[in-house]
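Report on the following structure.
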Amino acid sequence: MPRLVRLYIRNVLIGFGLSAAFVALLLYTNVGNLWHLVSTSDIGYIAVGILFLANGIVFAGVQFAIAVMRMASEDDAPRGGRKVPVATNIPVLVEATAGRRPEK
Numbered sequence: 293m294p295r296l297v298r299l300y301i302r303n304v305l306i307g308f309g310l311s312a313a314f315v316a317l318l319l320y321t322n323v324g325n326l327w328h329l330v331s332t333s334d335i336g337y338i339a340v341g342i343l344f345l346a347n348g349i350v351f352a353g354v355q356f357a358i359a360v361m362r363m364a365s366e367d368d369a370p371r372g373g374r375k376v377p378v379a380t381n382i383p384v385l386v387e388a389t390a391g392r393r394p395e396k
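Spelled out as structure tokens, the structure:
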């Protein structure tokens with residue numbers, strides 16, 4: 293299996309693990325009376341499943357993005373060139389081509 297695919301699968305599993313911990317923490321602390329809503333409804337398990345899946349997708353994407361961005365190598369080689377400022381405020385003479393307005 294290619295290394296990038298293994299990296300992706302590992303980070304997706306980490307993201308869904310974080311999602312499970314986040315949803316469990318939400319239910320445990322009863323944020324917005326969520327535990328009561330889920331436990332008293334006959335289809336509350338579907339709500340918990342959707343909450344877990346949606347957060348899992350978000351956390352997995354963020355986890356993979358962080359892992360990819362951390363793969364960048366530091367380039368310590370000199371880039372060359374001198375850092376001489378370029379003057380951009382030099383006035384330029386521009387000829388006016390429009391004629392004068394007729395006076396009334």
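According to our numbering, the sequence shown is numbered sequentially starting from 293.
Even for Gly, the Cβ is constructed at its ideal location relative to N, Cα and C.
Three-state secondary structure (DSSP) at residue i?
| i | result |
| --- | --- |
| residue 340 | helix |
| residue 333 | coil |
| residue 373 | coil |
| residue 321 | helix |
Would you tell me roughly how many angstroms separate the C-alpha atoms of residue i and residue j, rounded to the nearest one?
| i | j | result |
| --- | --- | --- |
| residue 351 | residue 369 | 35 Å |
| residue 319 | residue 297 | 33 Å |
| residue 376 | residue 365 | 28 Å |
| residue 306 | residue 337 | 22 Å |
| residue 312 | residue 367 | 38 Å |
| residue 317 | residue 373 | 54 Å |
| residue 393 | residue 386 | 20 Å |
| residue 295 | residue 315 | 30 Å |
Contact check, residue i vs residue j under 8 Å by CB: the rounded distance?
| i | j | result |
| --- | --- | --- |
| residue 303 | residue 344 | The pair is not a contact, with the Cβ atoms about 17 Å apart (cut-off 8 Å). |
Would residue i and residue j qualify as a contact pair, given that the criterion is a beta-carbon distance under 9 Å?
| i | j | result |
| --- | --- | --- |
| residue 340 | residue 330 | yes |
| residue 308 | residue 353 | no |
On a CA-only basis, which of the options is nearest residue i? Give me that one, please.
| i | options | result |
| --- | --- | --- |
| residue 362 | 373, 384 and 299 | 299 |
| residue 301 | 334, 378, 379 and 360 | 360 |
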